[in-house]
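Take a look at the structure below.
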Amino acid sequence: MATLSSGGIGSGLDVAGLVNQLISAERAPAEARLASKESGLKAQLSAFGLIRSALDKLKTALDALKSPTLLTAVAASSADATRFTASTAAGAVAGSYAVEVAALASAHKLASGAFGGPEAVVGTGTLELSLGAATASVTIDSSNNTLTGIRNAINAARDADGKPLGITATLVTSTGGTEPAGTYLLLSSTRTGAANTIAVNQSGGDGGLAALQYQAGGSANGLTETQAPADAVVTIDGFTYASASNAVSGALSGVTLDLKATTTAPVTLSVAPDTAQVQPALQALVDAYNGVFSVLKAQSTFDPAAGTAAALFGDSALRSLSAQLRRGLTDPVAGSPLMASDIGLSVDKDGVLKLDDQKLATLLSSDPAALDGLLRGDAGIAGRLSTQVNGYVSSGGALRARTDGIDRRLGDIADQREALADRLANLERRYLRQFNALDGLLAQMQSTGNFLTQQLAALPGAGSADK
């Protein structure tokens, strides 16, 4: 705004006050008009945001229904979980199998003879450790030649790739029993299977490390085998499979057996269709679908009692969206003998979608493939609803176009406010010039009047009555 001059000093005219009142009177209706437009547009923008959020939730629910494994997944179960449990992955096929666990996989374990204690000196030199095909070399000198030092050195050993070798060392102290009292060095493989055999060779030094040497079948072993490495062995319908691990994943396509104990008789493994996720997925669709219609209703209503309308009352885009979603749910699906109502989906008199769990369960138990034909594929309920939703929420969709248009109109209002401020600033300067000129003229007229009054008062006889 322009800087006010000191008008009114001579005339007594309140120039600043008059100008402020005139500018305020000019600004008020324009600001009210712009604020009203802006408020309406922001309300529409917020309403479209709520609709977008509801449609995003519906899209998430539809994506879950379109999952290729929802209706084709199978689950595995064991008749005796104390012997083995089972899980499935891609490639598993429904069926029933007789499983026998002949042996469990075990890890190689070695133990030294008794030493006087953890700090007992063993010797110096080099220990060449191997586990299967992996090897590592450990140097033992005067700084680590005790049982404790050797344990730590073995645990720190790395193979040629810099990875832990897979042999763990620990110390166990015995007070005596069937074995002599003392402290023992135990070596254990972290991997099961017959191929994961521990070997220890010693060389150089003072020869004391010979007490820790071990070769399978060797005659000069210092370490004793306390547990032999072994593969797990299972028989499935008469076919034998050996596995280095108790998690057997190669015997039956798509099925992993987690072995717990050997069996004395065949145990039944059942692989059956897994439809447990279908009902939650359809219920999520119902909830999301109703959420969309709840938002659409709230943003397009008119309250006759209050005489107020929601932000998008009368908007044709909302009516079109509602109609498309209803058709996408209820229209027949090409190639499927089922309708949405056949799987328990129905719309009540208030437009609320509901799911009949019992009707769905009956269909899943009798003909899950029929449900697959109704839901999946581009022409299925989930596919065509997804297409409709994407037409609104995608980057080039109808909602983005509407919100982009509102953003442009809000930008126009900001420009109009700037233009209004410039126009009022120019008007204020003009008013100030005019009123300051009027103020000067009034001051001049007042000064002239005062001068004439003084001159008339000074005329001879001006102060006496006629004789």
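The sequence shown begins at 0 in numbering that gives the first Met the number 0 and counts up one residue at a time.
Positions of the beta carbon are idealized from the N, C-alpha and C atoms, including for glycine.
Cutoff 6 angstroms; reference residue i; Cβ partners in own chain excluding five residues on either side
| i | result |
| --- | --- |
| Ile22 | Leu423, Glu427 |
| Val346 | Leu352 |
| Leu3 | Only weak support is given to the placement of Leu3: the predicted model assigns it a pLDDT of 44, under 50, and the value that follows is read from those uncertain coordinates. Here the set comprises Ala15. |
| Gly181 | Ala113, Phe114 |
| Ala283 | Ala60 |
Local Cβ density within 10 Å of residue i, reported as buried at 16 or more and exposed below that
| i | result |
| --- | --- |
| Phe434 | buried |
| Pro28 | exposed |
| Leu431 | buried |
| Val550 | The question about residue 550 has no answer, for the chain in this structure spans 0 to 466. |
| Pro228 | buried |
| Glu118 | exposed |
| Asp438 | buried |
| Asn195 | buried |
| Val73 | buried |
| Phe114 | buried |
| Gly203 | exposed |
| Asn425 | exposed |
| Val137 | buried |
| Gln43 | buried |
| Leu311 | buried |
| Gly216 | exposed |
| Ser218 | exposed |
| Val18 | buried |
| Ser5 | Low local confidence applies: a pLDDT of 48 at Ser5 is under 50, so the model's placement there is unreliable, with the coordinate-based value given in what follows. So Ser5 counts as exposed. |
| Ser365 | exposed |
| Val171 | exposed |
| Ser38 | exposed |
| Ser394 | exposed |
| Asp421 | exposed |
| Gly206 | exposed |
Distance between residue j and residue i (C-alpha atoms, nearest Å)
| i | j | result |
| --- | --- | --- |
| Ala241 | Val392 | 53 angstroms |
| Pro459 | Asn449 | 19 angstroms |
| Ser45 | Ala93 | 50 angstroms |
| Ser66 | Asp371 | 11 angstroms |
| Gln445 | Thr452 | 11 angstroms |
| Ala360 | Arg190 | 45 angstroms |
| Ile235 | Ser77 | 13 angstroms |
| Lys358 | Thr84 | 32 angstroms |
| Gln443 | Ala436 | 11 angstroms |
| Leu295 | Ala97 | 56 angstroms |
| Gly306 | Gln387 | 34 angstroms |
| Ser299 | Leu337 | 33 angstroms |
| Pro272 | Ala368 | 11 angstroms |
| Val332 | Gly404 | 36 angstroms |
| Met0 | Ala413 | Model confidence at Met0 stands at a pLDDT of 44, short of 50, so the residue's coordinates are unreliable; what they give is reported in the following sentence. If I take the Cα positions, the gap works out to 18 angstroms. |
| Thr134 | His107 | 16 angstroms |
Neighbourhood of residue i by C-beta distance below 8 angstroms, restricted to the same chain and skipping five residues each side
| i | result |
| --- | --- |
| Lys41 | Leu409 |
| Ala339 | Leu328, Thr329, Ser345, Leu373, Ile380 |
| Ser321 | Phe292, Leu295 |
| Ser95 | Thr267, Leu268, Ser269, Val270 |
Residue i CB to nearest heavy atom of the ligand GTP below 8 angstroms
| i | result |
| --- | --- |
| Val291 | Questions concerning the ligand GTP fall outside what the structure shown contains, since it holds no ligand whatsoever. |
Unbroken beta strand (DSSP E) run spanning residue i, endpoints
| i | result |
| --- | --- |
| Gly181 | 181 to 191 |
| Arg345 | According to the sequence displayed, residue 345 carries Ser and not Arg. Run containing Ser345: 344 to 346, per the beta strand (DSSP E) assignment. |
| Ser86 | 83 to 87 |
| Glu427 | Not the beta strand (DSSP E): Glu427 falls in the alpha helix (DSSP H), residues 397 to 456. |
| Asn200 | 197 to 202 |
| Ser173 | 166 to 173 |
| Thr234 | 231 to 235 |
| Val100 | 94 to 102 |
| Leu130 | 124 to 130 |
| Gly249 | 246 to 251 |
| Thr147 | Counting along the chain, Thr147 falls outside any beta strand (DSSP E), though it belongs to the alpha helix (DSSP H) covering 146 to 154. |
Same chain, Cβ closer than 7 angstroms to residue i, five either side skipped, listed in chain order
| i | result |
| --- | --- |
| Thr239 | Val232 |
| Gly376 | Gly382 |
| Arg401 | Phe47, Ala316 |
| Arg82 | Val100, Lys259, Ala260, Thr262, Val266 |
| Ala397 | Ala316, Gly390, Tyr391 |
| Ser111 | Tyr183, Leu184, Ala210, Leu211, Gly221, Leu222 |
| Ala246 | Thr255, Asp257 |
| Lys466 | Because the pLDDT of Lys466 is 47, which lies under 50, any placement of that residue in the model is unreliable, and the number read from its coordinates should be weighed accordingly. Around Lys466: no qualifying Cβ. |
Unbroken alpha helix (DSSP H) run spanning residue i, endpoints
| i | result |
| --- | --- |
| Glu30 | 14 to 64 |
| Gln278 | 277 to 297 |
| Lys358 | 356 to 365 |
| Ser136 | That residue, Ser136, is in no alpha helix (DSSP H); its beta strand (DSSP E) goes 133 to 139. |
| Gln323 | 315 to 329 |
| Ser385 | 380 to 392 |
| Thr71 | It is not in any alpha helix (DSSP H) - Thr71 carries neither H nor E in the DSSP assignment. |
Closer than 8 angstroms is the cut-off here; do at least three beta carbon pairs connect the stretch 281 to 292 with the stretch 52 to 61? yes
Is it true that the stretch 70 to 90 meets the stretch 146 to 154, where meeting means three or more beta-carbon pairs spaced less than 8 angstroms apart? no
Segment contact, 8 angstroms Cβ cut-off, at least three pairs: the stretch 56 to 65 with the stretch 271 to 291: yes
Is it true that the stretch 126 to 133 meets the stretch 157 to 164, where meeting means three or more beta-carbon pairs spaced less than 8 angstroms apart? yes
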